[in-house]
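If you read the sequences in order, they're chains S and X. Take 1 as the starting number for the first sequence in UniProt numbering and just add one per residue. Take 1 as the starting number for the second sequence in UniProt numbering and just add one per residue.
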Amino acid sequence: MSAPARPESLLKLEKLVAALTARGLVTEEEIAARQASTDRASPEIGARMVARAWLDADYRRLLLSDGATAAEQMGVSMAGAPPLGVLEDAPGLHHLVVCTLCSCYPRAVLGYPPHWYKSFEYRARAVREPRAVLAEWGTVLPAGTQVRVVDSTADYRWMVLPMRPAGTEGWSEDQLTAIVTRDVLVGVALPRLPVAVAAE
Amino acid sequence: MSDAPTPAIHDLGGASRYRCSPVERDEAPPDAFGKRVDALRQILAQKGMMTVDELRRGIESIPEADYFTMTYYERWLTSISTLMVEKGVVAPEDLR
Chain S
1 MSAPARPESL LKLEKLVAAL TARGLVTEEE IAARQASTDR ASPEIGARMV
51 ARAWLDADYR RLLLSDGATA AEQMGVSMAG APPLGVLEDA PGLHHLVVCT
101 LCSCYPRAVL GYPPHWYKSF EYRARAVREP RAVLAEWGTV LPAGTQVRVV
151 DSTADYRWMV LPMRPAGTEG WSEDQLTAIV TRDVLVGVAL PRLPVAVAAE
Chain X
1 MSDAPTPAIH DLGGASRYRC SPVERDEAPP DAFGKRVDAL RQILAQKGMM
51 TVDELRRGIE SIPEADYFTM TYYERWLTSI STLMVEKGVV APEDLR
C-alpha cells in the first residue's frame, strides 16, 4: 500500500519548502545534505553491533545496558536520538518489535523503517497474533518458546539481539554481520546460515 | 449510549479489523517525496521549530477518513504544515 503521494501533496510540499526558504529557515542544500546522511544509515550498523556482541562479552554487556553508547562506539551519532534498548533473545524466549501507534524505529542503527513496519496490518497484528505474523516471514519458533512483543515509542527505541546460531563457531565479525538482516533486528526473522555452509 | 471513549484512530495495537490480513511485504525505500518530507522534518526539529511529540499530535489529530487514505509521508506533511501554520512560521496563504 505504498501508493505514490497525490499530486496535491507534491504541490503542498513544494509550497511549504518555498515558504520556509523565502523566510531563510531552510535551504535546498540542507535538505539534500540531510537526506544524504539519512540514506547512509543502514541495518548493517545494527548487524555489526550484534556480531560484535556475539564475539566480545564486554561489548555485549554494554549493548544490553546502554545501546546508544554501544552504537556510538560504531561511529554512529546518537545526538538527539531517543535511548536505544536491546532485547536479548534466549533459549525459550524470542522478542519482536513493533510501533503500534505509528513507526518508531531505531533509525540511527537500522535506517528507514520498511513500509511493512509502518503498515496498519503489522501494527495491529504484531501484538495480537505475533506467531501468525512471524509465520508470514517463514519464522517458526521451537515449541514452548515465549514471544515477547515490545512496543517502540517516541521516547524509547528497541532492537533485538538474537541468539548466535550453531555452526558459526570461529566466524569473523564480518561473516557474522552478514547473517544478521534488518528482519532479524526487528525480530520477524532468525539468523540463517548461507545454504552452502548449512549443508556442510 | 456508552461512556467509553472512542479509541484513538492511530492506536492500532490489537485492532481486530486487521486480523488475518497479511502484512504486505513492501521493501521499497521511501520515494523522493517521502525522503524530502523526512529530511525536512529532521531539519525543523534540529532547529527547534518542532518536536517529535508535536509531529505525533499533528498526525494523531488527522480525521479518520483522511488518516486511512493518506500515505505515510502525506500524514507527516499534513502534520508539519499544520504545525508551521499554527506557530506562525508560515502563513496559511503560503500553502494554498
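Glycine is no exception: its CB is placed at the ideal position from the N, C-alpha and C atoms. Source: prediction; values computed, not measured.
Pick helix, strand or coil for residue i, following the three-state DSSP scheme.
i: residue 95 (chain S); result: strand
i: residue 1 (chain S); result: Since pLDDT at residue 1 (chain S) reaches only 47, below the 50 mark, its modelled position is unreliable, and no value is offered.
i: residue 15 (chain X); result: coil
i: residue 124 (chain S); result: helix
i: residue 101 (chain S); result: coil
i: residue 85 (chain S); result: strand
i: residue 92 (chain X); result: helix
i: residue 90 (chain S); result: strand
i: residue 8 (chain S); result: helix
i: residue 4 (chain X); result: coil
i: residue 9 (chain X); result: coil
i: residue 82 (chain X); result: helix
So which residues on chain X does residue i lean against when the C-beta distance must stay under 8 Å?
i: residue 94 (chain S); result: Simply none; closest approach about 17 Å.
i: residue 114 (chain S); result: 26, 27
Please report the residue range of the alpha helix (DSSP H) in which residue i lies.
i: residue 231 (chain S); result: It is not possible to answer for residue 231 (chain S), since the shown part of chain S is limited to 1 through 200.
i: residue 58 (chain X); result: 52 to 60
i: residue 118 (chain S); result: 115 to 118
Note down, in chain order, every chain X residue with its Cβ under 7 Å from the Cβ of residue i.
i: residue 20 (chain S); result: 90
i: residue 122 (chain S); result: 23
i: residue 77 (chain S); result: Result: empty, since nearest Cβ-Cβ is about 12 Å, beyond 7 Å.
As a quick exercise: from the options, pick the residue whose alpha carbon is nearest that of residue i.
i: residue 67 (chain S); options: S:18, S:161, S:191, S:36; result: S:161
i: residue 75 (chain S); options: S:85, S:46, S:98; result: S:46
i: residue 187 (chain S); options: S:94, S:172, S:106, S:49; result: S:94
i: residue 130 (chain S); options: S:92, S:168, S:148, S:118; result: S:148
Report the neighbours of residue i on chain S: residues whose CB is nearer than 9 Å to its CB, in chain order.
i: residue 82 (chain X); result: By Cβ distance, chain S contributes nothing, its closest Cβ being about 11 Å from residue 82 (chain X), past 9 Å.
i: residue 56 (chain X); result: 101, 102, 154
So residue i contacts chain S; which residues on that side make the cut at Cβ distance below 7 Å?
i: residue 62 (chain X); result: Chain S residues near residue 62 (chain X): none, gap ~12 Å exceeds 7 Å.
i: residue 14 (chain X); result: 124, 127, 128
If the cut is a Cβ gap below 8 Å, which residues of chain S does residue i touch?
i: residue 65 (chain X); result: In chain order: nothing, as chain S lies at least about 14 Å away.
Notebook entry, point to check: Curious, which full-length alpha helix (DSSP H) runs of at least 4 residues does the stretch 135 to 193 of chain S contain?
Noted result: Segments of the alpha helix (DSSP H) lying fully in the stretch 135 to 193 of chain S: 173 to 178, 182 to 186.
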